[in-house]
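Heads up: the sequence shown is residues 1 to 340, going by UniProt numbering. Here a beta-carbon is modelled for each residue, glycine too, at the ideal position from N, C-alpha and C. What follows is a short report on a single structure.
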Amino acid sequence: MKKAKHLVRDAAAEILLAGRITHPSVRARDKLTIVTFHRVLPATILGQYPLPGIAVTPEELKRFLEVFQDHYSVGSLYECARLHQSGERSEKPPLAVTFDDGQLDNYLFALPVLNAMNMRASFYVVTDAIESNEVLWHDRIAYAVQRLRQRSESELRTWLADWGVSGDAADPVNAAVAAAKLLDPGERNRHLERLEKIVGAHMRPDWDGMMTWDQLREMQSDGHEIGSHSTSHPILPLVSDQELHQETSHSRRLLEAQLDHEVRSFCYPNGDYDQRVIASVQQAGYEFAVTTRYGINSQNSDPFSLRRVDLQSGYGTNAAGRFRSSGLLLRMSGLLPGMA
Ligand SMILES: [Zn+2]
């Protein structure tokens, strides 16, 4: 059944591209397309990482970038959004490549691919995490749940029930992260600390970590944009006014001081925002902000709630396991929210 569905989708993707419905020269004409990546991990590491849905391999990244290069004028978010806003038209439609969270793997595995292809991107970093080299909370949960799962399935079920997650969730790691997003930050931390008491705290694998200021400065001098992804990656609509100011304004000031460069774009942690959050981002002096809402942007899209297309491992791979640009371009057309 799954295979049949996959075959139908592959055929539809080919037909839509042949009919130029999803061809970027038609579909993305006068539009701003923004793609989102999180982690870039070699296959051996990806196999151990508890949230593989937010990762691609360096080889996949290269294949995606080759398709982008054929059809779009690729650049950082600021570059592309400014060009789009000005109404100026380049030969190919603009495509901004963005990476969220500031993980070390971006420097190790994405940067060499981008630089070798002479392409620029935007990296959204969490300033507290850069300073402390601490794991972000979604990864802390994922690593802790993964370890508990390896220890004991029954203990895992008890813990999940405590998080408010059904014990038979097919993907307990993702279910626990999703449930934690709904918790008050204090409560989430208490849960997590109790869990880490059992399985051990700060036990991320050796390969994992955050990028350093020196690495970010190097990327910036290569022409990449460094933007803010807040100070502590909270769910912004849930924090107090004072904390919100800290998350938007302080992170920008710190980045500008460390990078000696103006910081112009912001990325909402977990994609969560509301009018109060937008006002704070504007007040902090940013010119653009990106969300996790799926889609592509038109000339009159709000520059503070730009839509993106999230790309994961396996996108563009057909039922026979071969990469086809038609599948990737269908996803990037903004016409297809989910691709399993
Ligand atoms: Zn994030």
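- A distance below 7 Å between beta-carbons, with the five flanking residues on each side excluded, links residue 213 to the following residues of its chain, in chain order: 130, 258.
- Looking at the backbone, the Cα of residue 291 and that of residue 103 are separated by about 19 Å.
- The closest heavy atom of ligand 1 lies 6 Å or more from the beta carbon of residue 24.
- Listed by position along the chain, the residues with Cβ atoms less than 6 Å from a non-hydrogen atom of ligand 1 are 100, 101, 229, 233, 269.
- Contact annotation: the stretch 141 to 158 does not touch the stretch 101 to 119, with fewer than three C-beta pairs closer than 8 Å.
- Spatial neighbours of residue 74 in its own chain (CB-CB distance under 7 Å, excluding positions within 5 residues in sequence) are listed in chain order as 68, 95, 97, 119.
- Rounded to whole angstroms, the gap between the alpha carbons of residue 29 and residue 323 is 24 Å.
- The DSSP assignment places 241 to 245, 251 to 259 as complete runs of the alpha helix (DSSP H) inside the stretch 218 to 271, in order along the chain (cut-off: 4 residues).
- Between residue 199 and residue 316, the alpha-carbon positions lie close to 37 Å from each other.
- CA-CA distance, residue 311 to residue 260, rounds to 31 Å.
- Residue 252 and residue 85 have their alpha carbons spaced roughly 22 Å apart.
- Residue state for residue 53 is assigned as helix, using DSSP reduced to three classes.
- When only Cα atoms are considered, residue 83 and residue 264 end up about 14 Å apart.
- Per DSSP, reduced to three states, the secondary structure at residue 96 is strand.
- Here residue 247 really is in contact with residue 232; their C-beta atoms are around 7 Å apart, less than 8 Å.
- The Cβ atoms of residue 40 and residue 61 lie closer than 7 Å to each other.
- Under the Cβ criterion (8 Å, minimum of three pairs), the stretch 218 to 230 does not count as touching the stretch 177 to 195.
- Here residue 310 is bridged, per DSSP, to 36.
- Apart from sequence neighbours up to five positions away, the residues of its chain that approach residue 122 with a beta-carbon distance below 6 Å are 76, 77, 98, 225, 227, ordered along the chain.
- Under the 10 Å beta carbon count, residue 24 is surrounded by 16 or more other beta carbons and is classified as buried.
- Put simply, of 314, 296, 239, 300 the residue whose alpha carbon is nearest the alpha carbon of residue 277 is 239.
- With 16 or more neighbouring CB atoms inside 10 Å of its own CB, residue 333 falls in the buried class.
- Under DSSP, the beta-bridge partners assigned to residue 122 are 98, 225.
- Assignment of residue 166 by DSSP, reduced to helix, strand and coil, places it in the coil class.
- The residues 204, in chain order, have a CB closer than 6 Å to that of residue 135 in the same chain once the five nearest residues on each side in sequence are set aside.
- The alpha-carbon of residue 105 is positioned some 7 Å away from that of residue 208.
- Taken through DSSP and simplified to helix, strand or coil, residue 73 comes out as strand.
- Counting along the chain, residue 177 sits inside no beta strand (DSSP E); it lies in the alpha helix (DSSP H) bounded by residues 172 to 180.
- Of all alpha-carbon atoms in 241, 37, 20, the one lying nearest the alpha-carbon of residue 313 is that of 37.
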